[in-house]
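Chemist: Dumping the structure here so I can ask a few things about it.
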Amino acid sequence: MKLLNNSMTRIITFSLIIGLILAFLFTIKVLLLQFLGVALLIVVAIICILSFFTIFGPIILGFIAIGGAILGFFLIIGIIGWVFM
0 MKLLNNSMTR IITFSLIIGL ILAFLFTIKV LLLQFLGVAL LIVVAIICIL SFFTIFGPII
60 LGFIAIGGAI LGFFLIIGII GWVFM
């Protein structure tokens with residue numbers, strides 16, 4: 000019991016618990032980003048099928064690609080802000 004009363008042991012235990020919580024949160028965040036990416040791919044595939052790759056197909060895909068790039072940029076900025084702030 001004397002070992003548990005040591006303040007250094009408490010600090011190490013607390014640090015390990017915080018580390019496990021942060022690792023879990025980052026895992027959930029990455030999983031959600033992967034689901035978002037899959038959802039965007041499914042939407043693009045559906046739009047390609049519905050437009051039958053006609054003249055408007057590449058135009059629609061271009062707008063989706065630009066929108067996806069902007070969304071990805073904001074996601075990266077948000078993640079950096081979430082991690083470092």
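For the sequence shown, numbering that gives the first Met the number 0 gives the first residue as 0, with consecutive numbering after it.
Just so you know, even glycine gets a beta-carbon here, dropped at the ideal spot from N, CA and C.
All values reported here derive from a predicted model rather than from experimental measurement.
Is I46 near I59, with beta carbons less than 7 Å apart?
Modeler: Taking 7 Å as the Cβ cut-off, I46 and I59 qualify as a contacting pair.
Chemist: Decide yes or no for the touch test of the region 61 to 78 against the region 32 to 47: beta carbon pairs closer than 8 Å, at least 3 of them.
Modeler: Yes, they touch.
Chemist: Please state whether the Cβ-Cβ distance between I63 and V43 is less than 7 Å.
Modeler: Taking 7 Å as the Cβ cut-off, I63 and V43 qualify as a contacting pair.
Chemist: Rounded to whole angstroms, what is the Cα-Cα separation between V82 and I16?
Modeler: Looking at the two C-alpha atoms, the distance is approximately 18 Å.
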